[in-house]
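*Asks:* Provided herewith is a single structure, encoded as structure tokens, for subsequent inquiry.
2 protein chains.
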Amino acid sequence: MSVVKPSIPKGTRDFTPLEMIRRNYIMNTIRSIFEKYAYLPIETPSMENLSTLMGKYGEEGDRLIFKILNSGDFLSGVDLKNKTAIQAASLICEKGLRYDLTVPFARFVVQHRNDLTFPFKRYQMQPVWRADRPQKGRYREFYQCDIDVIGSNSLLNEAELIQITDEIFSTFGIDITIKVNNRKILAGIAEIISEPDKITTICTAIDKLDKIGKEQVCRELEDNGLSSLAITQLNPFFELKGSSEEQLQLLSDTFKNCEIGKKGVEEIRSMLAYVSMLPIRSKVELDVTLARGLNYYTGAIFEVKANGVSIGSISGGGRYDDLTGIFGLKNMSGVGISYGAERIYDVLQELDRFPKEIASPVKVLFLNFGKEEELYALDALQKVRASGISCEIYPDNVKIGKQLNYANDKSIPFVVMAGADEIKEHIFTLKNMCSGEQQKISVEEIIAAVKS
Amino acid sequence: MSVVKPSIPKGTRDFTPLEMIRRNYIMNTIRSIFEKYAYLPIETPSMENLSTLMGKYGEEGDRLIFKILNSGDFLSGVDLKNKTAIQAASLICEKGLRYDLTVPFARFVVQHRNDLTFPFKRYQMQPVWRADRPQKGRYREFYQCDIDVIGSNSLLNEAELIQITDEIFSTFGIDITIKVNNRKILAGIAEIISEPDKITTICTAIDKLDKIGKEQVCRELEDNGLSSLAITQLNPFFELKGSSEEQLQLLSDTFKNCEIGKKGVEEIRSMLAYVSMLPIRSKVELDVTLARGLNYYTGAIFEVKANGVSIGSISGGGRYDDLTGIFGLKNMSGVGISYGAERIYDVLQELDRFPKEIASPVKVLFLNFGKEEELYALDALQKVRASGISCEIYPDNVKIGKQLNYANDKSIPFVVMAGADEIKEHIFTLKNMCSGEQQKISVEEIIAAVKS
């Protein structure tokens, strides 16, 4: 076999132990909070049928789905002449990699509806794949951590998602602002400016307000057929000021003849009433310009920003009334929120908030001084490990300097040395790798010293 | 959008909450033992370059690798005329899904060799994909849990892997036999029967002994060019009897003029000497007919069987001297073992050994009796949850029967009810869903009752 230069596909990543330990800290923290709030885990296959995925994420999304070549003689009976790439792909690929966790979740709920208990509270933490152009902070394989409640209309669910978000980021020591809005308010605004059919266009455009600014948004709206009167009437909504209650009062006045707008204001008020009764420390604020790009939202929408960090939103979600409809199950309202593991990683890194203690999962290294000493050390190692302490013995009898370097590289805080003298006295020398301090003690004392 | 019938690709699976809870129990148990033995986690991308994967698993393996269609205009400049499926695939696919964790691990070690500390002890628990024909117990996506030590020749590593295997299956309550052999013994046998170059053929054939029987194995060896004299000479090795030491004595005599065979016996003896000094409860037995199909093994090999369960091997591994050579790094001996999560699941299921308590992750459901009662319950819910107990409130005010069914379906052991009477008395009614017993108590007493 010829030698292959080791490399991985563009936009994908290897994770070294230190990165994995940090990622596991993030995932475990999120998972344990999801579980405390009574969400249950599910997993779906990495591959879905392309019929499940295609057409759910827009034309751009269809192109960004990784497609899997059919097995076996995939060309047999297939004519690829004069076909576009997307047509050809559909002839030689039946499966694609999961693009998000939401569509597979909707498919799962419909497929297993007779075995599930509703309201169904599920969490799901799995990688997704997108054939995006790789760039800083954007990968072709990344983890999403989603929770959803499906089969309940109560706004208590929205408040609970806000509380969970608050607890997750408080636990991480990340100060956040949770922005909330409601798609019915946006629908109301579209109605007020006499463009009710353009609600999707309006949401897509104002979703970009932060990125491209007000002028560009207005140009995009104009390009997409909004009248200039409508755009002028839309403008004041970009500049709403004051507390959430003041803004809601203003919207309430504006919507006095607009049912859907009124309903949106009412939903936000009920949701915020719940929020005010829960122990939430983060700022929760109404932002009428929050739109979220995805088409399927119909009620509350959320977005989370880390204060003082120049990174986009680190979490977002909302309520959808008919996500399962495409798979044949009507009247299943749900609400969910998604946390991006890599964004949280980047924020924790930037703020230097990874707990120091997670960097040293292995607590003790027993040095290897040769055959007889090894057996003496092995016996003690069993006792230390049986007490639940992660520890190891250096497997080869090499120079002590090399063994100590190993301990340093792995950030192992304690080293145990036992040579002829120690064996004679039935003791061990425990060295604290941080202070350099050494003491001659028993196995039981080693366990106590490491645990303290 | 037209309605799509919800389904998933053949050979893939959805996991419902109960299945996930059981799978998580398996994965968490294995992970915590790996960590106690000082193995560190890594992860590699789901997709690897096809140049990394192809040619590593034999011709059959090459066909079973799932290939990912190139993004964009994948047909541009490509001529598929008169190409075989495998040639055509190589023109329109650059990436494939991970087929196992071993080749990506070897690639990882070489690629990151300057950032790693050797001996490098890593664990990796990720899904792999194979385009195998789906059948009972065989899936196209399944998890592997691998540990390896690379960069150390010490046989202490082999013994440690046996100890870890013993601890994992003891924890699961699965009684196992660990079969061991050494490729050098097999190489010695090949030398003794004057067919040293046929070692791979011999290993591949006798690996099937359990499945197809001795006669078929001999026929396969004949078909692959072994002389009938050699096959006759091989026969006694199929029937070696006695304790490991008795067999080793016999082999030792047989190998008196065969260096590699002698080395194999010596390695097994040293490994078993370590094993005898470690607290291992499982049976560890030499089986000279254990071969393992994979080509890269060069020293010890292991295979684990669950006693009294008619399921194939549930774990296996061995030592390889040059796995990283194909990626340009020589002299990196390693040894590893792989645990199959689905096989362990099936065994635990068959033996009914899943711990009963994991089925009820949510401990308390607060019933919802309406607006005012909801607020009263919400307040108590916060306190119960803050104590670390997983609990929830039914989000909608629906019929009590429906809410109690929800608790039953989710196996929630306690329900809290609070109506007008309870509010007046500042107490709660706690119902034990198993015994039916009810008591009127405070929030603090609820916490104590649930925790006890």
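The listed protein sequences correspond, in order, to chains A and B.
So in the numbering used here, spot 115 of the first sequence is number 115, and the numbers just go up one at a time.
For the numbering used here, count along the second sequence from 1 and bump the result up by 1000.
The beta-carbon is built from N, C-alpha and C at its ideal position, and this holds for glycine as well.
For a minimum of 4 consecutive residues, which ranges assigned as the alpha helix (DSSP H) are wholly contained in the segment 1369-1427 of chain B?
*Replies:* As far as the segment 1369-1427 of chain B is concerned, its whole alpha helix (DSSP H) runs of at least 4 residues are 1371-1386, 1400-1409, 1420-1425.
*Asks:* Just verifying my parser: in three-state terms, what is the DSSP assignment at R107 of chain A?
*Replies:* Start at 1 with the first residue of the first sequence, and residue 107 of chain A comes out as number 107. R107 of chain A: helix per DSSP, three-state reduction.
*Asks:* Could you compute how far the alpha carbon of A1306 of chain B sits from the alpha carbon of K211 of chain A?
*Replies:* The residue labelled residue 1306 of chain B in the question sits at position 306 within the second sequence. The residue labelled residue 211 of chain A in the question sits at position 211 within the first sequence. Roughly 59 Å between the two C-alpha positions.
*Asks:* By the 10 Å Cβ neighbour count, where 16 or more other Cβ atoms means buried, how is G1236 of chain B classified, buried or exposed?
*Replies:* As a first step, residue 1236 of chain B must be located in the second sequence, where it is residue number 236. The amino acid occupying residue 1236 of chain B in the given sequence is Pro; Gly does not appear at that position. The residue is exposed, with fewer than 16 neighbouring Cβ atoms inside 10 Å.
*Asks:* Between B:L1053, B:L1226, B:F1108, which lies nearest to L1329 of chain B when the distance is taken from Cα to Cα?
*Replies:* To locate residue 1329 of chain B, count along the second sequence from 1; it is residue 329. Of the listed residues, the one whose Cα sits closest to L1329 of chain B is B:F1108.
*Asks:* If I measure Cβ to Cβ from C1434 of chain B and keep anything under 7 Å in the same chain, skipping five residues before and after, which residues do I get?
*Replies:* In the second sequence, residue 1434 of chain B corresponds to position 434, counting from 1. Cβ neighbours of C1434 of chain B beyond the five flanking positions: P1413.
*Asks:* Quick one: which chain A residues come within Cβ less than 8 Å of H1112 of chain B?
*Replies:* Mapped onto the second sequence, residue 1112 of chain B falls at position 112. Chain A residues near H1112 of chain B: D14, T16.
*Asks:* According to DSSP, simplified to helix, strand and coil, what is T1298 of chain B?
*Replies:* Here residue 1298 of chain B refers to the residue found at position 298 of the second sequence. In the structure shown, T1298 of chain B sits in a strand (DSSP, three-state: E or B).
*Asks:* How many angstroms separate the CA atom of Q1439 of chain B from the CA atom of Y39 of chain A?
*Replies:* Walking along the second sequence from the start, residue 1439 of chain B turns up at place 439. Walking along the first sequence from the start, residue 39 of chain A turns up at place 39. Straight-line Cα distance between these residues: approximately 27 Å.
*Asks:* So, with DSSP's three-state summary, where would you put K83 of chain A?
*Replies:* Here residue 83 of chain A is taken as the residue at index 83 of the first sequence, counted from 1. K83 of chain A falls in the coil class under three-state DSSP.
*Asks:* Do S310 of chain A and V304 of chain A have their beta-carbon atoms positioned less than 7 Å apart in this structure?
*Replies:* For the purposes of this step, residue 304 of chain A is identified with residue 304 of the first sequence, where counting begins at 1. For the purposes of this step, residue 310 of chain A is identified with residue 310 of the first sequence, where counting begins at 1. Not a contact, by the Cβ cut-off of 7 Å.
*Asks:* What residue range is occupied by the uninterrupted alpha helix (DSSP H) comprising C1203 of chain B?
*Replies:* If you number the second sequence from 1, residue 1203 of chain B lands on position 203. 1199-1206 is the span of the alpha helix (DSSP H), which, as asked, contains C1203 of chain B.
*Asks:* Across which residues does DSSP place K1440 of chain B in a beta bridge pair?
*Replies:* Walking along the second sequence from the start, residue 1440 of chain B turns up at place 440. Partner(s): B:T1429.
*Asks:* Have a look at T177 of chain A and F302 of chain A and give me their C-alpha separation to the nearest angstrom.
*Replies:* The sequence position of residue 177 of chain A within the first sequence is 177, counting from 1. The sequence position of residue 302 of chain A within the first sequence is 302, counting from 1. Their backbone Cα atoms lie some 10 Å apart in a straight line.
*Asks:* I need the DSSP call for I8 of chain A, collapsed to helix, strand or coil.
*Replies:* For the purposes of this step, residue 8 of chain A is taken as residue 8 along the first sequence, with counting starting at 1. If DSSP states are grouped into helix, strand and coil, I8 of chain A belongs with coil.
*Asks:* The beta strand (DSSP E) with T1177 of chain B in it runs from where to where?
*Replies:* On the second sequence, position 177 is the one that residue 1177 of chain B refers to. Note, T1177 of chain B: beta strand (DSSP E), 1176-1182.
*Asks:* Does the structure place the segment 151-160 of chain A close enough to the segment 269-276 of chain A that three or more beta carbon pairs sit under 8 Å?
*Replies:* Yes: the two stretches touch, three or more of their Cβ pairs being nearer than 8 Å.
*Asks:* Buried or exposed, going by whether 16 or more other CB atoms sit within 10 Å of the CB of Q163 of chain A?
*Replies:* Walking along the first sequence from the start, residue 163 of chain A turns up at place 163. Classification of Q163 of chain A: buried, given that the 10 Å Cβ count is 16 or more.
*Asks:* Which of the three DSSP states is assigned to L1069 of chain B in this structure?
*Replies:* Residue mapping note: residue 1069 of chain B aligns to position 69 of the second sequence, counting from 1. Here L1069 of chain B sits in strand by DSSP.
*Asks:* When you check each C-beta in the segment 400-425 of chain A against every C-beta of chain B, which residues fall closer than 7 Å?
*Replies:* Correct list: Y406, D409, K410.
*Asks:* In the DSSP assignment, find the unbroken alpha helix (DSSP H) run with S315 of chain A in it and report its ends.
*Replies:* Walking along the first sequence from the start, residue 315 of chain A turns up at place 315. Segment 315-320 is the beta strand (DSSP E) holding S315 of chain A; no alpha helix (DSSP H) there.
*Asks:* Go ahead and pull the three-state DSSP assignment for Y1039 of chain B.
*Replies:* The residue labelled residue 1039 of chain B in the question sits at position 39 within the second sequence. DSSP places Y1039 of chain B in coil when its eight states are reduced to three.
*Asks:* In its own chain, which residues sit with a C-beta less than 6 Å from the C-beta of T1052 of chain B, not counting the 5 before and 5 after it?
*Replies:* For the purposes of this step, residue 1052 of chain B is taken as residue 52 along the second sequence, with counting starting at 1. Closer than 6 Å at Cβ, skipping near neighbours: R1107.
*Asks:* Can you name, in chain order, every residue of its own chain whose Cβ lies under 6 Å from the Cβ of P127 of chain A, other than the five neighbours on each side?
*Replies:* Sequence index remark: in the first sequence, residue 127 of chain A carries index 127 (1-based). Counting only Cβ-Cβ distances below 6 Å, and skipping sequence neighbours, we find E141, Y143.
*Asks:* Please return the same chain residues whose Cβ sits closer than 6 Å to the Cβ of A88 of chain A, not counting the five positions on each side in sequence.
*Replies:* Taking the first residue of the first sequence as 1, we reach residue 88 of chain A at position 88. Result list for A88 of chain A: L80, in chain order.
*Asks:* So the alpha helix (DSSP H) V1275 of chain B belongs to, where does it begin and stop?
*Replies:* To locate residue 1275 of chain B, count along the second sequence from 1; it is residue 275. V1275 of chain B -> alpha helix (DSSP H) spans 1259-1277.
*Asks:* Just curious, the alpha helix (DSSP H) that L1348 of chain B is in, first and last residue?
*Replies:* Against the second sequence, residue 1348 of chain B aligns to sequence position 348. Residues 1341-1351.
*Asks:* Hey, E1392 of chain B and V1362 of chain B are a contact pair by Cβ (cut 8 Å); roughly how many whole angstroms apart?
*Replies:* Mapped onto the second sequence, residue 1392 of chain B falls at position 392. Mapped onto the second sequence, residue 1362 of chain B falls at position 362. Contact holds; Cβ gap of about 6 Å.
*Asks:* For a test of the three-state rule: what should DSSP assign to S1338 of chain B, helix, strand or coil?
*Replies:* The residue given as residue 1338 of chain B occupies position 338 in the second sequence. The answer is strand: DSSP assigns S1338 of chain B an E or B state.
*Asks:* For G1096 of chain B, which three-state DSSP category applies?
*Replies:* As a first step, residue 1096 of chain B must be located in the second sequence, where it is residue number 96. G1096 of chain B: strand per DSSP, three-state reduction.
*Asks:* By a C-beta neighbour count over all protein chains shown, 10 Å radius and 16 as the cutoff for buried, is E1437 of chain B buried or exposed?
*Replies:* Translated into positions along the second sequence, residue 1437 of chain B becomes position 437. Result: exposed.
*Asks:* Taking a cut of 8 Å between CB atoms, which residues from the segment 25-53 of chain A lie near chain B?
*Replies:* The segment 25-53 of chain A vs chain B, Cβ under 8 Å: E35, K36, Y37, A38, L40, P41, I42, E43, T44, P45, S46, M47, E48, N49, S51, T52.
*Asks:* Examine the Cβ distances between the segment 1179-1186 of chain B and the segment 1259-1269 of chain B and report whether three or more of them are shorter than 8 Å.
*Replies:* The segment 1179-1186 of chain B is in contact with the segment 1259-1269 of chain B.
*Asks:* List the residues of chain B whose Cβ lies closer than 8 Å to the Cβ of A359 of chain A, in chain order.
*Replies:* By one-based count along the first sequence, residue 359 of chain A stands at place 359. Under the 8 Å cutoff, chain B gives no residues; its nearest Cβ is about 11 Å from A359 of chain A.
*Asks:* Taking 7 Å as the threshold (beta carbon to beta carbon), is Q249 of chain A in contact with chain B?
*Replies:* Locating residue 249 of chain A in the first sequence gives position 249, counting from the first residue. Chain B contact via Cβ: absent.
*Asks:* Could you tell me the alpha carbon to alpha carbon distance between K1383 of chain B and Y1376 of chain B, rounded to whole angstroms?
*Replies:* For the purposes of this step, residue 1383 of chain B is identified with residue 383 of the second sequence, where counting begins at 1. For the purposes of this step, residue 1376 of chain B is identified with residue 376 of the second sequence, where counting begins at 1. Taking the straight line joining both Cα atoms gives about 12 Å.
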